[in-house]
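**Q** Those letters in the sequence shown? Residues 1 to 440, per the UniProt record's numbering, in order. Glycine residues also receive a C-beta, built at the ideal position from the N, C-alpha and C atoms. Since the model is a prediction, treat every value here as computed from it, not as a measurement.
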Amino acid sequence: MRMYDLIMKKRNGEALNHQEIQYLVEEYVAGNIPDYQMSAFLMAVYFQGMTEEETLAMTLAVAHSGDMVDLSGIEGTKVDKHSTGGVGDKTTLIIAPIVAACGAKVAKMSGRGLGHTGGTVDKLESIPGLRTTLTREEFFEVVNKTGVSVIGQSGNLAPADKKLYALRDVTATVDSIPLIAVSIMSKKLAAGNDCILLDVKTGSGAFMKTLEDSVALAKEMVSIGENAGKRTVALITNMDIPLGHNIGNSLEVIEAVETLKGNGPQDLTVVCMHLASNMLYLAGKGTLDECKSMVKEVIANGKALEHLAAMVRAQGGDDAVIWDTQKFAKAPYSYEVCAKESGYITFMDTESCGIASAMLGAGRETKDSGIDFAAGIIIHKKVGDYVEKGESLATMYASREELFEAAAKRYLSAVTQKSIRAEEEKLVYARVTKEQVEYF
Ligand code: URA
Numbered sequence: 001m002r003m004y005d006l007i008m009k010k011r012n013g014e015a016l017n018h019q020e021i022q023y024l025v026e027e028y029v030a031g032n033i034p035d036y037q038m039s040a041f042l043m044a045v046y047f048q049g050m051t052e053e054e055t056l057a058m059t060l061a062v063a064h065s066g067d068m069v070d071l072s073g074i075e076g077t078k079v080d081k082h083s084t085g086g087v088g089d090k091t092t093l094i095i096a097p098i099v100a101a102c103g104a105k106v107a108k109m110s111g112r113g114l115g116h117t118g119g120t121v122d123k124l125e126s127i128p129g130l131r132t133t134l135t136r137e138e139f140f141e142v143v144n145k146t147g148v149s150v151i152g153q154s155g156n157l158a159p160a161d162k163k164l165y166a167l168r169d170v171t172a173t174v175d176s177i178p179l180i181a182v183s184i185m186s187k188k189l190a191a192g193n194d195c196i197l198l199d200v201k202t203g204s205g206a207f208m209k210t211l212e213d214s215v216a217l218a219k220e221m222v223s224i225g226e227n228a229g230k231r232t233v234a235l236i237t238n239m240d241i242p243l244g245h246n247i248g249n250s251l252e253v254i255e256a257v258e259t260l261k262g263n264g265p266q267d268l269t270v271v272c273m274h275l276a277s278n279m280l281y282l283a284g285k286g287t288l289d290e291c292k293s294m295v296k297e298v299i300a301n302g303k304a305l306e307h308l309a310a311m312v313r314a315q316g317g318d319d320a321v322i323w324d325t326q327k328f329a330k331a332p333y334s335y336e337v338c339a340k341e342s343g344y345i346t347f348m349d350t351e352s353c354g355i356a357s358a359m360l361g362a363g364r365e366t367k368d369s370g371i372d373f374a375a376g377i378i379i380h381k382k383v384g385d386y387v388e389k390g391e392s393l394a395t396m397y398a399s400r401e402e403l404f405e406a407a408a409k410r411y412l413s414a415v416t417q418k419s420i421r422a423e424e425e426k427l428v429y430a431r432v433t434k435e436q437v438e439y440f
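Here it is, written out as C-alpha cells:
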C-alpha cells in the first residue's frame, strides 16, 4: 500500500476501505508516514468528507492506537458524557453524582480547560486536597464505593489523536465534521464505557456556531458510537449564553452544589435535568419520563449531593467545602462591571465572556500555564434582563487588581444592549438518536 495512492483516492472523492484506513493511522503513528503526506490526506478529507464506514474505521484505528480501558472491574452499567465545551459548563459536577445516586455508574475521564472554555478537572482541583490522578485500582475502588469518580485523562489514550490533532491545528483542518467526530469518539471508545451521552454545544461560545453544523456533528458521532456497539445519544444544547451565573473554577463548584441542593439557576437546572435523564435512559434505568422523576427525587432527598461529597472524600478532597461553600478560598479582590447605558441585554458573546474570565486568571493561555481557582465572574444580568445605566452586570474576582481593567473591557464588549427585549432562545434544541433527530 502507498500513502500517495490513498491521498489520490480521497482527493478524487473515492472511499477508502477499512484496511487502507488502518494502514494510514498505524503507519502515521509509527512515524513511517511523514506529516506532509498526512496533511494532504487531511485536507482531502476536509473537502471530500468521509463515508459512515470510513469514519467508523478511522475512529476504531485511532482508538486502538493506544490503551483501550477495560472497565469490567466496575460493577453495573457505566455511562459516559462528553461535552464539546463551553463557558460556565459545570454540568459534569452536577449530573455525574445525580446519575450515580440513581444507580448507574460514572467512571469518567475529563479534561482541563484551554482558551475560553473551562475543564472539569480544573474545577475539581479547586476542592482542597482532591486528587484527579488516581491509579486504575483507586479509580475502580472509588466508583465501586461511591458510584462515581471523575479523574483526568490518564495513560496512553488514543495517541494517534494527539498527533493528528496537532497536525490539524496547523494545517487548517480542525473544523472538519468527520475529523472532529473521529477525534472525540476515538477517545470515548478507548475510555471503555457502555453508553455515551454527547452534549453538543451550539452558539457563540461553542466550537460549532450553527445548529445545522451541530446536528451534523451529533449525527456522525451517534452513528460511530452505535456502529461500535455503544448506546449513544446526543443533545444539542445552547451555548449562545454562559450556562448558569458563575464562570471560574471554585465559583462553578459552588453553583454546582447549589444546583444539587435544588437552588440552581433555571437554565443550568433544565439542561442538567435533560442530560442526567438521558444518561439514565441510556443506562437502561427506565423511560425518559421515569428517568426525569428519578433525577428530581435524588435532588429533593439530598442523595445526589451526598454522592458528590462521597466522591470528593474518596478522592482525598475536603468535603467540608461541599457542605459549606463559604469555606472555599476567596479571591482577595472584586470589581463590579457596570452597564454603560440602560436597556435590555439582547446578546452575550459567550466566547468573550469566557476569555474575560480566563484573563482574570481562571483559565490558561497554554497547556502549561497556571490557574487561579478563586478567580472568575458572577454574572448578575443575562440576555432578556433589563439593566439601568450604572447597574452591575457582573462581579469579577481576581488575586491581582490590575487584571480587572482589561477583563472588564472585554466583558463589556461582549454584552449587547437594545431598547427591545430579545426573544428567548431554547436551552435544548434537539435530541439525536440513531433513528431520528427530534427538534424541540
Ligand atoms: N475536541 C476534540 O477532542 N477533537 C476535535 O477535533 C475537536 C474538539
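Here's a check: name, in chain order, each residue in its chain whose Cβ is nearer than 8 Å to the Cβ of residue 284, leaving out the five neighbours to either side.
**A** Here residue 284 refers to the residue found at position 284 when the sequence shown is read from its first residue. Once the five neighbours on either side are set aside, the close Cβ partners of residue 284 are 77.
**Q** If the criterion is Cβ atoms closer than 9 Å, does the pair residue 377 and residue 246 meet it?
**A** On the sequence shown, position 377 is the one that residue 377 refers to. On the sequence shown, position 246 is the one that residue 246 refers to. Taking 9 Å as the Cβ cut-off, residue 377 and residue 246 qualify as a contacting pair.
**Q** Name the one or two DSSP bridge partners that residue 347 has.
**A** Within the sequence shown, residue 347 is the residue found at index 347, counting from 1. 416.
**Q** With residue 326 and residue 134 assumed to form a contact (beta carbons below 8 Å), what rounded beta-carbon distance in angstroms separates them?
**A** As a working mapping, residue 326 is identified with position 326 in the sequence shown. As a working mapping, residue 134 is identified with position 134 in the sequence shown. With 8 Å as the limit, residue 326 and residue 134 do not qualify as a contact, their Cβ atoms being about 28 Å apart.
**Q** Could you spell out the range, first to last residue, of the alpha helix (DSSP H) harbouring residue 39?
**A** Locating residue 39 in the sequence shown gives position 39, counting from the first residue. Segment 35 to 48, the alpha helix (DSSP H) holding residue 39.
**Q** Nearest-angstrom Cα distance between residue 69 and residue 62?
**A** Taking the sequence shown and counting its residues from 1, the one referred to as residue 69 is at position 69. Taking the sequence shown and counting its residues from 1, the one referred to as residue 62 is at position 62. C-alpha separation (whole angstroms): 14 Å.
**Q** Measuring alpha carbon to alpha carbon, tell me which residue in 437, 275 and 387 is nearest residue 80.
**A** Taking the sequence shown and counting its residues from 1, the one referred to as residue 80 is at position 80. Checked all of 437, 275 and 387; the closest Cα to residue 80 is 275.
**Q** For residue 141 and residue 338, what's the separation of their Cα atoms in angstroms?
**A** The residue you call residue 141 lines up with position 141 of the sequence shown. The residue you call residue 338 lines up with position 338 of the sequence shown. Taking the straight line joining both Cα atoms gives about 49 Å.
**Q** To the nearest angstrom, how far is it from the Cα of residue 197 to the Cα of residue 82?
**A** What you label residue 197 is simply residue 197 of the sequence shown in a count that begins at 1. What you label residue 82 is simply residue 82 of the sequence shown in a count that begins at 1. C-alpha separation (whole angstroms): 6 Å.
**Q** For residue 243, count the other beta carbons within 10 Å of its own beta carbon; 16 or more makes it buried, fewer makes it exposed. Which is it?
**A** For this step, residue 243 is matched to residue 243 along the sequence shown. Residue 243 should be labelled buried.
**Q** Can you list, in chain order, the residues of its chain with a C-beta nearer than 7 Å to that of residue 214? Leave out the 5 residues immediately preceding and following it.
**A** For the purposes of this step, residue 214 is taken as residue 214 along the sequence shown, with counting starting at 1. Cβ neighbours of residue 214 beyond the five flanking positions: 200, 202, 208 and 236.
**Q** For residue 262, tell me which candidate among 212, 296, 365 and 382 has the shortest Cα-Cα distance.
**A** Residue numbering aside, residue 262 sits at position 262 when the sequence shown is read from its first letter. Ranking the options by Cα distance to residue 262, first place goes to 296.
**Q** For the ligand URA, any of its heavy atoms closer than 8 Å to the Cβ of residue 84?
**A** The residue labelled residue 84 in the question sits at position 84 within the sequence shown. Under cutoff, so the answer is yes.
**Q** Tell me residue 431's beta-bridge partners as DSSP assigns them.
**A** Here residue 431 corresponds to residue number 431 of the sequence shown, with the count starting at 1. Answer by DSSP bridge pairing, in chain order: 235 and 438.
**Q** How about residue 179: is its Cβ closer than 8 Å to a heavy atom in the ligand URA?
**A** Here residue 179 is taken as the residue at index 179 of the sequence shown, counted from 1. Because some heavy atom of the ligand URA lies under 8 Å away, the Cβ of residue 179 counts as near it: yes.
**Q** In three-state terms, what does DSSP make of residue 198?
**A** Residue 198 sits at position 198 when you count from the first residue of the sequence shown. Looking at residue 198 - three-state DSSP - the assignment turns out to be strand.
**Q** Pull up the CB-CB distance for residue 226 and residue 181, whole angstroms please, since I reckon it's below 8 Å.
**A** Translated into positions along the sequence shown, residue 226 becomes position 226. Translated into positions along the sequence shown, residue 181 becomes position 181. The Cβ separation is near 13 Å, so there is no contact.
**Q** Assuming contact is defined by CB atoms lying nearer than 9 Å, are residue 348 and residue 416 in contact in what I supplied?
**A** The sequence position of residue 348 within the sequence shown is 348, counting from 1. The sequence position of residue 416 within the sequence shown is 416, counting from 1. Yes, the Cβ-Cβ distance between residue 348 and residue 416 is below 9 Å.
**Q** May I ask you to verify whether the segment 356 to 367 touches the segment 107 to 117, counting CB pairs closer than 8 Å and requiring at least 3?
**A** Contact between the segment 356 to 367 and the segment 107 to 117 is present, because at least three Cβ pairs lie under 8 Å.
**Q** Report yes if the C-beta of residue 165 is less than 8 Å from at least one heavy atom of the ligand URA; otherwise report no.
**A** On the sequence shown, position 165 is the one that residue 165 refers to. Yes, since a heavy atom of the ligand URA falls inside the 8 Å radius drawn around the Cβ of residue 165.
**Q** At 4 residues or longer, and completely inside the segment 366 to 418: list those alpha helix (DSSP H) runs for me, N to C.
**A** Taking only runs of at least 4 residues, the alpha helix (DSSP H) segments lying wholly in the segment 366 to 418 are 404 to 414.
**Q** Answer with buried or exposed for residue 288, where buried requires no fewer than 16 other C-beta atoms within 10 angstroms of its C-beta.
**A** Position 288 of the sequence shown holds residue 288. Burial call: exposed.
**Q** For chain B, check one thing: does any of its Cβ atoms lie closer than 9 Å to the Cβ of residue 4?
**A** Any reference to chain B falls outside this structure, which holds one protein chain only.
**Q** Return helix, strand or coil for residue 105, following the three-state DSSP convention.
**A** Residue numbering aside, residue 105 sits at position 105 when the sequence shown is read from its first letter. Three-state DSSP puts residue 105 in a strand.
**Q** Would you be able to state if there are at least three C-beta pairs under 8 Å between the segment 163 to 181 and the segment 401 to 410?
**A** As far as the Cβ criterion goes, the segment 401 to 410 does not touch the segment 163 to 181, which means the pair count is below three.
**Q** So residue 340 and residue 389 are supposed to be a Cβ contact under 8 Å. How far apart are they, rounded?
**A** Position 340 of the sequence shown, counted from the first residue, corresponds to residue 340. Position 389 of the sequence shown, counted from the first residue, corresponds to residue 389. Sure, about 7 Å apart at Cβ, within 8 Å.
**Q** Shorter than 8 Å, the distance from the beta carbon of residue 9 to the closest heavy atom of the ligand URA, or not?
**A** Here residue 9 refers to the residue found at position 9 when the sequence shown is read from its first residue. No, the ligand URA has no heavy atom inside 8 Å of this Cβ.
**Q** Quick check on residue 246: does DSSP put it in helix, strand or coil?
**A** As a first step, residue 246 is located in the sequence shown; it is residue number 246 there, counting from the start. Three-state DSSP puts residue 246 in a strand.
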